[in-house]
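> The structure's right below; bear with me while I get my questions together.
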Amino acid sequence: MSERLSINELPASTVWALRELGLVGVDNSVSREHVRTLGEFVVRFAGVPATTPIAQTPAPSFNGEAHPTAAPVRTRARRGPTKAERRSEMTMQISRYLQDKPGVTLEEIAEALNAPLTDVTAAARPVDWLILGADELVQPTVRIESDAIVASRDRARAALLAASLMAKPLSHQSYTALLREGRVKGPSVARIVQLFGSWTTACNEVGVTSGEPLRSNYERTWTEDDLLNYVERFLRDTAFRGASHQFDQWRSTVNHSEKVPSLGTVRNIVGGTWNDIRSQALRRMRAKWDV
């Protein structure tokens, strides 16, 4: 039979643990084997105990006897905001700054906030659609159009050239008739106007006589300036993040009160990639800082 020890010989914290495990006998003794096993468990799984002694507060047991309560968990006192909290606060500062200075660069933000550029770069990611790169401050002399727009223009040119062999001058009515008859394959008149600005411009680009002017319903509804104004409004809406796939989502939220062009229309008329269009709109917004 295992030797038994009186709990009066044991530390208060050990006595508490043994009572919780139901290992203390009615005579307030405990098996030495149980004490040894408990000690091994503590060493293996509880780590090194705190060196600072912690006061034990007696608590009544079910049989009316007092025994120590569990030692409270020590927590390190906070010495200030965490790194994540500091970054979040800087993000808010940048967001407020961008409301007044859309189109600013990261370098300008770092100077304005008197903060390291590396910290500003990390904190600005959640709001970076309103920030221009240092290499985007000047409008490029050559606009690079998306592959899809280039392919659409080439397809339209080929269709106009093919149609001009069967109708001279090439009016929009005769072109539409050739499309319906299946003698020519190409984009519609409305699409050609989107791509080139007008029917006459499209025909002139491939050396084809255009015939009579288009009806007014084939003319462009928006100018490039109109479209960039819509892009500016979209970029300022903090409910969105300035991504191209969100433009038509934003459009659906305002279309009940006014007619807003689709992203496709913006791309067709303004030209270039979405990043080109966004940068162009931000340069316009930047130019209005002091207006």
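With the working numbering, the residue at position 199 of the sequence shown is 199, and numbering never jumps.
A virtual CB, placed ideally from N, CA and C, is assigned to each residue, including glycine.
Specify the secondary structure class of L5 as computed by DSSP and reduced to three states.
If DSSP states are grouped into helix, strand and coil, L5 belongs with the strands.
> Going by beta-carbon coordinates alone, are M90 and V120 separated by less than 9 Å?
Yes, Cβ-Cβ distance for M90 and V120 is below 9 Å.
> Going by C-alpha distance, which of A112, V35, A17 and L18 is nearest E3?
Comparing Cα-Cα distances from E3 to each of A112, V35, A17 and L18, the minimum goes to V35.
> By DSSP, does V260 sit in helix, in strand, or in coil?
Note: V260 maps to coil in three-state DSSP.
> Would you mind working out which of G207, E107 and P126 sits nearest A134, comparing C-alpha positions?
The candidate whose alpha carbon is nearest that of A134 is E107.
> Taking R125 as the reference, give the member of I94, V150 and L161 with the closest Cα.
Measuring from the Cα of R125, the nearest candidate turns out to be I94.
> Just to confirm the assignment, what range does the alpha helix (DSSP H) spanning S279 have?
W274 to A287 is the span of the alpha helix (DSSP H), which, as asked, contains S279.
> In the DSSP assignment, find the unbroken alpha helix (DSSP H) run with V30 in it and report its ends.
No alpha helix (DSSP H) holds V30; the beta strand (DSSP E) holding it covers S29 to S31.
> Given that a residue counts as buried once 16 or more other Cβ atoms are within 10 Å of its Cβ, and exposed if not, what is R180?
Exposed.
> Going by C-alpha to C-alpha distance, which of P102, I7 and P81 sits closest to D290?
Nearest option by C-alpha distance: P102.
> Quick check on the DSSP output: the alpha helix (DSSP H) that includes V231 runs from which residue to which?
Segment E224 to R236, the alpha helix (DSSP H) holding V231.
> Spatial neighbours of P169 within its chain, please: CB distance less than 7 Å, with the 5 preceding and 5 following residues excluded, ordered by chain position.
So the qualifying residues of the chain are T209, S210 and G211.
> Quick check: what's the CA-CA separation for F234 versus F240?
Cα to Cα, the separation comes out at about 8 Å.
> What does a CB cutoff of less than 7 Å around A115 pick up in its chain, not counting 5 residues either side in sequence?
So the qualifying residues of the chain are M90.
> What does the Cβ neighbour count give for P261, buried or exposed, with the cut at 16 atoms within 10 Å?
Label assigned to P261: buried.
> Just to confirm, is the Cβ distance from Y283 to L165 under 9 Å?
The identity of residue 283 in the sequence shown is Arg, whereas the question assumes Tyr. No, the pair does not count as a contact, with Cβ atoms beyond the cut-off.
> Throw me the rounded Cβ distance for the L98 and L130 pair, which I believe falls under 8 Å.
Confirmed, Cβ separation roughly 4 Å.
> Taking the continuous alpha helix (DSSP H) assigned at A167, which residues delimit it?
No alpha helix (DSSP H) holds A167; DSSP gives it neither H nor E.
> Identify the continuous alpha helix (DSSP H) that holds D248 and give its terminal residues.
That run of the alpha helix (DSSP H) goes S244 to V254.
> Under the three-state reduction of DSSP, which class applies to V26: helix, strand or coil?
Of the three classes helix, strand and coil, the one that applies to V26 here is coil, per DSSP.
> What residues in its chain sit with their C-beta under 8 Å from that of Y218, if we drop five residues either side in the sequence?
Below a pLDDT of 50, predicted positions are generally treated as unreliable, and Y218, at 49, falls in that range; no measurement from the model is reported.
> A84 to A112, Cα distance in whole Å?
Near 21 Å, if we compare the C-alpha coordinates of A112 and A84.
> Between Q249 and Q139, is the Cβ-Cβ spacing less than 9 Å?
Contact flag unset, no.
> Determine the burial state of R19: buried for a count of at least 16 other Cβ atoms within 10 Å of its Cβ, exposed for fewer.
The residue in question, R19, is buried, as its Cβ has 16 or more Cβ neighbours within 10 Å.
> Considering only DSSP beta bridges, list what V184 is partnered with.
The partner list for V184 (beta bridge, DSSP) is empty, contrary to what the question assumes.
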